[in-house]
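Chains as they are written, first to last, in the numbering used here: chain A, 19 to 277; chain B, 35 to 338.
Cβ atoms here follow ideal geometry from the backbone N, Cα and C, with glycine treated the same way.
In what follows, a single structure is set out as structure tokens and then discussed.
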Amino acid sequence: MNIFALPKLSLRFLPIWRRHWLVWKKIAAPSILGHLADPVIYMLGLGYGLGSLLPEMGGMSYMAFLAAGTVCYSTMNSASFEALYSGFARMHEQRTWDAILNTPVGLDDVVLSEILWAATKSLMSGAAVLVVIWVLGLSHSVMSLWMIPLALLIGLTFAAIGLIMTALAPAYDFFMYYFTLVITPMMLLCGVFFPVTQLPESMQAVASLLPLTHAVNLARPLMSGIVPPAAILHISVLLIYTLLGFYISLVLFRRRLSR
Amino acid sequence: MSVVIQAIGLQKSYGSHRVVDGLDLAINKGECFGLLGPNGAGKTTTLRILLGLIAPDAGAANLLDLPVPQAAREARIRVGVVPQMDNLDPDFTVAENLLVYGRYFGMKDDEIEARIPSLLEFASLTNKRDAKVPTLSGGMKRRLTLARALVNDPDVIFLDEPTTGLDPQARHLIWQRLHELTQQGKTLLLTTHFMDEAERLCHRLAVMDNGKLISQGSPRELIEQNIEPQVVEVFGETSGSWASEHAAKYAQRFEVSGESVFCYVQDAQPLVVHLQAQSELRYLHRPANLEDVFLKLTGREMRE
């Protein structure tokens, strides 16, 4: 069993995805509240509070500016939490993976199901925030419907990257490094709360390498009804992060579980 | 008799530590085969290799005539596993655990639903169908794990310490069920620390230590081949000094462990007569059992 082999994909991930869905259905109410409360409070608090001091940002009201960023970062957060904390619980704490791996389902299927499930939760989280945005009238464009597939793509990206951490983690404490050193900086550097162009050039260069920047660069025009400039580039960057994250995490899981 | 689980010269090392060291095994269809050994002997690693979960460094393994790990997926369609540590889904009810697990074998929902009542009955969990897993006792969880391992109606069942941590009642119920499975013609491979469990359930046994097989046979054969037929245990504060003065006269072999002396003899009569005259000593005369064999083969010192 070569740990560097390319993933073998099959539909065997589906029963695992259905298992996660059945668990989620049992805790749907608090889960939806969790998806919504944090991002909406940020958006409304900063949008009204800070927004009243700012005439506009990037050619729109600050609240509308914030709306696009909020969808992106809440999507990033829900995929990351699912891939790290819940994924680790299933792999290590509850040994759900061990139970599954004793069946004809393989590790490649398990890892794929984790990524797709975390992306599913991102999709739900992004859609929930989007509904609030529409209700508040912060986006009127039909183009904003493209935010739904985008939420899925952002979810795939951050689930795949996050699983690398899960594969390396000795315990839950380890995840604090990732959230403090990766997720929080991305939230502040990638154009969620203010345009990246406000940053010094060196920091802009760093931001341009981060996946959330590309997500925001797609989201903001879509919310205003504009075809995003350089859309192919941004989508490609997110896809490359997704594929690399999937492959690297799979190799690390194979190494970890071959003991 | 056809061989359904086979190991030829298996080797597996972690770092410089050789966990499995040249292991040969052949387990026949319909057999209940026990793998015994102290902690760290390599039992679980052997099971994981035979299931195709990890690749051996050398040697070959076959499961149901398929080479593993190469064809492990095909082989595992017809295999059930009861792992050492419970890994039931805590968020689900008893019936949901069976449903979700059956799907991993590619079974259709109605096909699984049709099997659930008989699985619950087998596990004596019919009235717990809708109970959540955290509300079950340890014995019920084990039985559910056993039922889950049978969801795909497997030909071969792997059981890694199936009764560890259970009370005697729960253990006896599991034994009864495992016995029923062998009567149905299923092949069982189990690991255990409990010699009474092995003696009661297994047609054949293998004792493992340091990754090697050190003895193999039926429980009766293992006792006959490895040890004197009679054991006299001598207890008391003065047992140590008694042992150094007298034990060798009466016993072919004896071992001192704390305040107990274990005397292994062909004929216990002279020793028993002698002990009846020693008022400060107590003794227990019994036939040799598997535990005596196990301790002789693997030593009395603690592991890990």
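Tell me whether B:N186 sits in a helix, a strand or coil according to DSSP, three-state version. coil
field: Backbone secondary structure at A:S104 - three-state DSSP
entry: helix
| Members of the segment 109–130 of chain A near chain B, C-beta cut-off 8 Å | Q112, R113, T114, D116, A117, I118, L119, N120, T121, P122, V123 and G124
According to DSSP, simplified to helix, strand and coil, what is A:T88? helix
Can you list, in chain order, the residues of the segment 26–56 of chain A whose Cβ is nearer than 9 Å to any Cβ on chain B?
-> R30, L32, P33, I34, R36, R37, L40, V41, K44 and I45
Counting only the same chain and skipping the five closest in sequence on each side, list residues whose C-beta sits under 8 Å from that of A:W152.
S162
Query raised in the report: How about B:P90 and B:I83: are their beta carbons less than 7 Å apart?
Result: yes
Q. Leaving out five residues before and five after B:T179 in sequence, what residues of the same chain have Cβ atoms less than 7 Å from its Cβ?
A. V116, D120 and L122
| field | contact_flag[the segment 247–259 of chain B, the segment 295–308 of chain B] where n(CB pairs < 8 Å) is 3 or more | value | no
Counting Cβ pairs closer than 8 Å, one from the segment 58–69 of chain B and one from the segment 235–250 of chain B, do we hit at least three? yes
| said: As an exercise, report each continuous beta strand (DSSP E) stretch of at least 3 residues that is fully enclosed by the segment 178–239 of chain B, in chain order. | reply: 190–194 and 221–226
Practice task
Please confirm if the segment 208–227 of chain A is in contact with the segment 129–141 of chain A, defined as three or more CB-CB distances below 8 Å between the two stretches.
Solution key: no
Whole angstroms are fine: how far does the CA of B:L44 sit from the CA of A:I172? 45 Å
| said: Can you pull the chain A neighbours of B:N121, defined as C-beta to C-beta under 7 Å? | reply: Q112, R113, T114, D116 and A117
query = Just curious, the alpha helix (DSSP H) that B:Q310 is in, first and last residue?
reply = Q303 to Q310
From A:E132 to A:S157, what distance separates their C-alpha atoms?
32 Å
Can you tell which of B:L215, B:G274, B:D326 and B:P321 has its C-alpha closest to the C-alpha of B:E314? B:G274
Which one of A:L71, A:I266, A:G52 and A:L261 has the shortest CA to CA distance from A:E100?
A:G52
query: Is the segment 199–207 of chain B touching the segment 48–63 of chain B in the sense that three or more CB pairs, one from each, lie closer than 8 Å?
result: no
Requested in this report: Using 10 angstroms around the beta-carbon of A:I166, count the other beta-carbons present and answer buried if the total reaches 16, otherwise exposed.
Outcome: exposed
### Message
Give me the subset of the segment 186–217 of chain B whose CB atoms are less than 7 Å from a CB atom of chain A, sorted by chain position.
### Response
none
- Task: In the DSSP assignment, find the unbroken beta strand (DSSP E) run with B:K46 in it and report its ends.
- Result: V37 to Y48
Taking the alpha carbon of B:I39 as the reference point, which residue from B:H227, B:E130 and B:T80 has its own alpha carbon closest? B:T80
* **Contacting positions in the segment 138–152 of chain B - beta carbon closer than 8 Å to chain A** => Y138, F139 and G140
- Task: Have a look at the DSSP bridge pairing and note the partners of B:D243.
- Result: B:K246
### Task
Please confirm if B:I61 has its CB atom under 7 Å from at least one CB of chain A.
no
| Which listed residue (B:L87, B:T225 and B:L200) has its alpha carbon closest to that of B:S171 | B:L200
Query - Against chain A: residues of the segment 71–96 of chain B by CB proximity under 8 Å - result: L85, L87, I88 and A89
**OP:** Can you pull the chain A residues whose beta carbon is under 9 Å from the beta carbon of B:I111, in chain order?
**Re:** T121 and P122
**Study point:** Partner residues on chain B for A:R277, Cβ-Cβ distance less than 9 Å
**Key:** Y48 and I88
task: Could you work out which residues of chain A lie near B:D326, taking near to mean beta carbons separated by less than 8 Å?
output: Going along chain A, no residue has its Cβ under 8 Å from B:D326, so there is no contact; the nearest lies around 35 Å.
*Skipping 5 residues on each side, what residues in its chain have a beta carbon closer than 8 Å to that of B:F139?*
I111, V185 and N186
Exercise. Have a look at the DSSP bridge pairing and note the partners of B:D55.
Key: B:Q45
Could you say if the segment 239–259 of chain A and the segment 110–119 of chain A meet the contact criterion of at least three C-beta pairs nearer than 8 Å?
no
Q: Using 10 angstroms around the beta-carbon of B:E233, count the other beta-carbons present and answer buried if the total reaches 16, otherwise exposed.
A: buried
* Asked: What residues of chain C sit near B:V115, judged by a beta carbon separation below 7 Å?
  -> Note that chain C does not occur in the displayed structure, where the protein chains are A and B.
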